[in-house]
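With the sequence shown counted from 1, adding 1 to any position gets you full-length UniProt numbering. Quick reminder that beta carbons are idealized off the backbone N, C-alpha and C, glycines included. Note that the coordinates shown come from a computational prediction; the quantities given were computed from them, not determined experimentally.
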Amino acid sequence: ITEVLAIDDEHSLDKALEALRLGELVAIPTETVYGLAADANQPQAVSKIFAAKGRPADHPLIVHVDSVEKVGRWAAYVPECVAKLADAFWPGPLTLILPKAEHVSTVVTGGHNTVGIRVPNQAGVLKLLNRLDSGLAAPSANPYKRISPTTAEQVMYGMDGKIAAVLDGGPCEVGLESTILDISTQEPRILRAGPVTKSQIEAVLGCEVSVPQSHNVAVPGNVKAHYQPSKPVQLLCGEVLASTLAEVSPSAQNDIAVLYYSQQLQTALEGNEAVTMKLSANKAHYAQNLYYALHQLDQADVTQIWVELPPNDETWLDVHDRLSRSAAK
Ligand code: TXA
Ligand code: MG
Numbered sequence: 002i003t004e005v006l007a008i009d010d011e012h013s014l015d016k017a018l019e020a021l022r023l024g025e026l027v028a029i030p031t032e033t034v035y036g037l038a039a040d041a042n043q044p045q046a047v048s049k050i051f052a053a054k055g056r057p058a059d060h061p062l063i064v065h066v067d068s069v070e071k072v073g074r075w076a077a078y079v080p081e082c083v084a085k086l087a088d089a090f091w092p093g094p095l096t097l098i099l100p101k102a103e104h105v106s107t108v109v110t111g112g113h114n115t116v117g118i119r120v121p122n123q124a125g126v127l128k129l130l131n132r133l134d135s136g137l138a139a140p141s142a143n144p145y146k147r148i149s150p151t152t153a154e155q156v157m158y159g160m161d162g163k164i165a166a167v168l169d170g171g172p173c174e175v176g177l178e179s180t181i182l183d184i185s186t187q188e189p190r191i192l193r194a195g196p197v198t199k200s201q202i203e204a205v206l207g208c209e210v211s212v213p214q215s216h217n218v219a220v221p222g223n224v225k226a227h228y229q230p231s232k233p234v235q236l237l238c239g240e241v242l243a244s245t246l247a248e249v250s251p252s253a254q255n256d257i258a259v260l261y262y263s264q265q266l267q268t269a270l271e272g273n274e275a276v277t278m279k280l281s282a283n284k285a286h287y288a289q290n291l292y293y294a295l296h297q298l299d300q301a302d303v304t305q306i307w308v309e310l311p312p313n314d315e316t317w318l319d320v321h322d323r324l325s326r327s328a329a330k
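Here it is as structure tokens:
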């Protein structure tokens, strides 16, 4: 059985620490999404993560640490820009890819010679990391290809019985996975769009950062079809969504779930039989609730999920990235 433990309780933290030291898996809250954690210094424990998720072994994991000073324990060397980036964005939703230190297990890095490192912005987890005095290897706590969990309940939905415990820290504040920045070579590259944007990074680094086509990155794990509800997702701009739905007979409309944010669509949906959910037009609020909403609609009595295309703006790039992967075949 999987125990649900409150993260702000000392006794719970002790229990989680004990389980991690014994090589068991514990789901942890972070500000982005919940992670499925094992002690990064115990390859046998880390390999259980792949089994619990059904994740291919060549997909690398992120090592979570409690401060920038720990980067040198996991990376072969620490370039100057790490201090600047850490100052600006840590603790927070930015993962740095660096050449791995020799002792770091290839189970953690999926066989790569680089390692992803991040300091999450979650007080209880930072305390846990500090006491563990190791790193926590953790991918998002969802079964492979499914939606990342942003509540402890959602972790249980996918992982109940497969892991020792879930530390419950309430709903995640950011709600979307971290930006991944590869600084293992001369030219910094964003491998996954996230809450920290390209322009924010460029402002700190004082140089241009490339963004490869989002589904085109040669890193196993960064796959096109990902973040998927069990029901098919369609992305439609508000106008097309409204007119297409209007052509569906009222009796068939209630088979469709609609996730939207615009006032125009709200008006257009009045009197419609579809199951609807509204997200905020404010990007931060939208992102915070997106996975929760998709998860809820996936549970609803519908056969498909239609999502209104969000605004075309740099700050919404991570939302577009995740939604297009949700809809990918
Ligand atoms: O916000 C997040 O990043 C969350 C929380 C739990 O920290 N974690 C997360 O992990 O989203 P995961 O495993 O679901 O996605 C991390 C992705 C991998 O799929 C992979 O594409 C990339 O990070 N990654 C990790 N290590 C890498 C490496 N050494 N080289 C290239 N990409 C790497
Ligand atoms: Mg993931």
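Helix, strand or coil: which one does DSSP assign to H65?
Of the three classes helix, strand and coil, the one that applies to H65 here is strand, per DSSP.
Taking A77 as the reference, give the member of A58, Y35 and L97 with the closest Cα.
Taking only the C-alpha atoms, the option nearest A77 is L97.
Would you list the residues sitting across from P196 in a DSSP beta bridge?
Partner(s): none; P196 has no beta bridge.
Could you have a look at P251 and say whether DSSP puts it in helix, strand or coil?
Note: P251 maps to helix in three-state DSSP.
Going by alpha carbons, who is nearest to P94 out of Q123, M157 and K16?
For the residues Q123, M157 and K16, the minimum Cα distance to P94 belongs to Q123.
Which residues bound the alpha helix (DSSP H) around I50?
I50 -> alpha helix (DSSP H) spans P44 to K54.
What residues are listed by DSSP as bridge partners for G36?
Answer is I29 and S141.
Starting from G117 and walking both ways along the beta strand (DSSP E), at which residues does that stretch end?
Per DSSP, G117 belongs to the beta strand (DSSP E) from T115 to R119.
With a threshold of 16 other CB atoms inside 10 Å of the CB of residue 1, please say whether the residue is buried or exposed.
Beyond the ends of the chain as shown, which are 2 and 330, falls residue 1; an answer cannot be given.
Would you check whether the ligand MG has a heavy atom nearer than 7 Å to the C-beta of P121?
Not so, every heavy atom of the ligand MG lies at least 7 Å from the Cβ.
Say yes only if the C-beta of V116 is nearer than 7 Å to one or more non-hydrogen atoms of the ligand TXA, and no if none qualify.
At least one heavy atom of the ligand TXA is nearer than 7 Å to the Cβ of V116, so yes.
Starting from L260, follow the beta strand (DSSP E) in both directions and report where the run begins and ends.
L260 -> beta strand (DSSP E) spans I257 to Y261.
Tell me which residue opens and which closes the beta strand (DSSP E) that L97 is part of.
Run containing L97: L95 to P100, per the beta strand (DSSP E) assignment.
Between the beta-carbon of V120 and the beta-carbon of P92, is there less than 8 Å?
Cβ distance < 8 Å, so V120 and P92 count as in contact.
Only counting runs of 3 or more residues, tell me where the beta strand (DSSP E) segments fall wholly within the stretch 155-211, in order along the chain.
List check, beta strand (DSSP E) in window: 166-169, 180-183 and 190-193.
Which residues mark the beginning and the end of the alpha helix (DSSP H) in which K279 is found?
Not the alpha helix (DSSP H): K279 falls in the beta strand (DSSP E), residues V276 to K279.
Closer than 7 Å: is that where the CB of P140 sits relative to any heavy atom of the ligand MG?
For the ligand MG, at least one heavy atom lies less than 7 Å from the Cβ of P140.
Does the beta carbon of R193 fall short of 7 Å from some heavy atom of the ligand TXA?
Answer for R193: yes, Cβ within range of the ligand TXA.
What whole-angstrom Cβ distance do L206 and C82 have, given they're in contact under 8 Å?
Contact flag correct, Cβ pair sits at about 6 Å.
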